[in-house]
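This report refers to the structure that appears directly beneath it.
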Amino acid sequence: MNLVVLMKETLESGDPIIRSWFLVDSYYLPFLCSAMYVLLVKRLLPSIMENRKPFDLRNVMIAYNFGIVLTYVSCLLLLFYYFLTTDAYKGICAPTFVSVGHYTYWATTAGWVIYILKYIEYADTIFFVLRKKDHLVTNLHVIHHAVLPLICWVFLRTETSGFQFIPGGLNSFVHVLMYTYYGLAAMGPSVQKYLWWKEYLTKLQMLQFVIILIFVLVIIPLSGCKTSKHGIYIDILFAALFLVLFYNFYTKTYKKKLSLNLSTKKMQECNGKQTSVTNGHGQQNGYSKQNGGPEKDGGPEKANWIDSLLDFPNGVRRR
29 MNLVVLMKET LESGDPIIRS WFLVDSYYLP FLCSAMYVLL VKRLLPSIME NRKPFDLRNV
89 MIAYNFGIVL TYVSCLLLLF YYFLTTDAYK GICAPTFVSV GHYTYWATTA GWVIYILKYI
149 EYADTIFFVL RKKDHLVTNL HVIHHAVLPL ICWVFLRTET SGFQFIPGGL NSFVHVLMYT
209 YYGLAAMGPS VQKYLWWKEY LTKLQMLQFV IILIFVLVII PLSGCKTSKH GIYIDILFAA
269 LFLVLFYNFY TKTYKKKLSL NLSTKKMQEC NGKQTSVTNG HGQQNGYSKQ NGGPEKDGGP
329 EKANWIDSLL DFPNGVRRR
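Residues in the sequence shown are numbered consecutively from 29, following the working numbering.
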């Protein structure tokens, strides 16, 4: 069978009501949106902002982040209602086509809203660029935001069971915590001092991918669910990919930061001993100042580098 024909048949295999919804009905618009997003945040906006001052978007970011939180919470409530209305096996495994006004319609509507949110979340990166936090526009960040809408698009066009409500609901729960964190961080230093749990959000993101892999590799096969095979393959591929990417990010960000802090502390102790011998004045701040000379080994240059590691994911720095 021709590959193009096979792909078209697969993308037409889902519920006809869902396939008629905005941004689900088009074959080209989702890919165009992702391509424009990458072009915008990697080329167009950086060139526009090159000689401009960063925008102060604090109030906009607070409203944006908590708006995202409320929307995800609403979707989770609809999914919770879906599982309360039906038994677990039928809700996840049984092929179920949508009926307007039925609980399946509202649950799938929640899935569609989550899909639309993936486009709205392009604003995360746009805020980075407008605030000239270009170091936060990492490959992981851009890939994550560009690919997720396309994954959701495939699921909405092809899945006829409630199988994807589990990974989608889990991802939505993680996003509630993430955007709550971002919203609080945007409020400024008075709140940021309580946000010590940033590292645990990254761990939670990795945990969700592990749970999704267990769900699709172990639970689904053992349960005998009648789900689409391509949906399982996509879940495995991208859960494994993002798990590796987030793990690499975690090791580079947190383990190196811990190692750097230990090295800096040791250096400060050594410098304190050195200064007490060379000029008779022990330094308590870890800077090695020899006979009135320039600060070295843990001075302002290194301190700024350490400080740069404390940037929050939404571009707000801990004070």
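C-beta: ideal position from N, C-alpha, C; glycine also.
Being a predicted model, the structure only gives us computed values, none of them experimental.
*Supposed close pair Ala353, Tyr110 - CB separation, criterion 8 Å*: Nothing about residue 353 can be read from this structure; the chain reaches only from 29 to 347.
*What separation, rounded to the nearest whole angstrom, lies between the Cα atoms of His258 and Met215?*
Taking the sequence shown and counting its residues from 1, one reaches residue 258 at position 230. Taking the sequence shown and counting its residues from 1, one reaches residue 215 at position 187. CA-CA distance, His258 to Met215, rounds to 42 Å.
*Can you list, in chain order, the residues of its chain whose CB lies under 8 Å from that of Phe204, leaving out five sequence neighbours each side?*
By one-based count along the sequence shown, residue 204 stands at place 176. This sequence places Val at residue 204; Phe is not what is there. Excluding sequence neighbours, Val204 sits near Val97, Tyr100, Val101, Leu104.
*Among Val175, Ser62, His169, Pro82, which residue has its Cα nearest to the Cα of Thr230?*
Locating residue 230 in the sequence shown gives position 202, where the first residue counts as 1. Scanning Val175, Ser62, His169, Pro82 for the CA closest to the CA of Thr230 turns up His169.
*With a Cβ-Cβ cutoff of 8 Å, do Pro177 and Ser62 count as a contact?*
Locating residue 177 in the sequence shown gives position 149, where the first residue counts as 1. Locating residue 62 in the sequence shown gives position 34, where the first residue counts as 1. Ser62 sits close to Pro177, with the two beta carbons spaced by under 8 Å.
*So what does DSSP say about Ser102, is it helix, strand or coil?*
Numbered from its first residue, the sequence shown carries residue 102 at position 74. Annotated three-state conformation of Ser102 is helix, per DSSP.
_Does the region 132 to 149 come into contact with the region 182 to 191, if we say contact requires no fewer than three beta-carbon pairs (one atom in each stretch) closer than 8 Å?_
Touching, yes.
*First and last residue of the alpha helix (DSSP H) that includes Ile247?*
Counting from one through the sequence shown, the residue named residue 247 turns up at place 219. Looking at the DSSP string, Ile247 is not in any alpha helix (DSSP H), and its letter there is neither H nor E.
_Assuming Gly190 and Gly119 are in contact, meaning their beta carbons sit under 8 Å apart, how far apart are those beta carbons, in whole angstroms?_
The sequence position of residue 190 within the sequence shown is 162, counting from 1. The sequence position of residue 119 within the sequence shown is 91, counting from 1. Cβ-Cβ separation between Gly190 and Gly119: approximately 5 Å, consistent with a contact (criterion under 8 Å).
_Closest residue to Glu187 among Ser75, Leu72, Arg86, Cys121 (Cα-Cα distance)_ = Taking the sequence shown and counting its residues from 1, one reaches residue 187 at position 159. The shortest C-alpha separation from Glu187 is found at Cys121.
*Buried or exposed by the 16-neighbour rule on C-beta atoms within 10 Å, applied to Glu40*: By 1-based counting over the sequence shown, the position of residue 40 is 12. With fewer than 16 other beta carbons inside 10 angstroms of its own, Glu40 counts as exposed.
_Taking the straight line between their C-alpha atoms, what separation do you get for Tyr222 and Val126?_
Numbered from its first residue, the sequence shown carries residue 222 at position 194. Numbered from its first residue, the sequence shown carries residue 126 at position 98. Going by the C-alpha atoms only, they are around 44 Å apart.
*Cβ-Cβ distance between Ile262 and Ile179 below 8 Å*: Within the sequence shown, the letter at position 234 stands for residue 262. Within the sequence shown, the letter at position 151 stands for residue 179. Taking 8 Å as the Cβ cut-off, Ile262 and Ile179 qualify as a contacting pair.
*Roughly how many whole angstroms lie between the Cα atoms of Gly252 and Pro123?*
Locating residue 252 in the sequence shown gives position 224, where the first residue counts as 1. Locating residue 123 in the sequence shown gives position 95, where the first residue counts as 1. The straight-line gap from Cα to Cα measures roughly 12 Å.
*Could you give the residue range of the alpha helix (DSSP H) that holds Val141?*
Within the sequence shown, numbered from 1, the residue matching residue 141 stands at position 113. Run containing Val141: 131 to 148, per the alpha helix (DSSP H) assignment.
_If you follow the alpha helix (DSSP H) that Val202 is in, where does it begin and where does it stop?_
Counted from its first residue, the sequence shown places residue 202 at position 174. Residues 193 to 213.
*Write down the C-beta distance between Met234 and Leu271 rounded to the nearest angstrom, noting that I regard them as a contact closer than 8 Å.*
Position 206 of the sequence shown, counted from the start, is the residue given in the question as residue 234. Position 243 of the sequence shown, counted from the start, is the residue given in the question as residue 271. Cβ-Cβ separation between Met234 and Leu271: approximately 6 Å, consistent with a contact (criterion under 8 Å).
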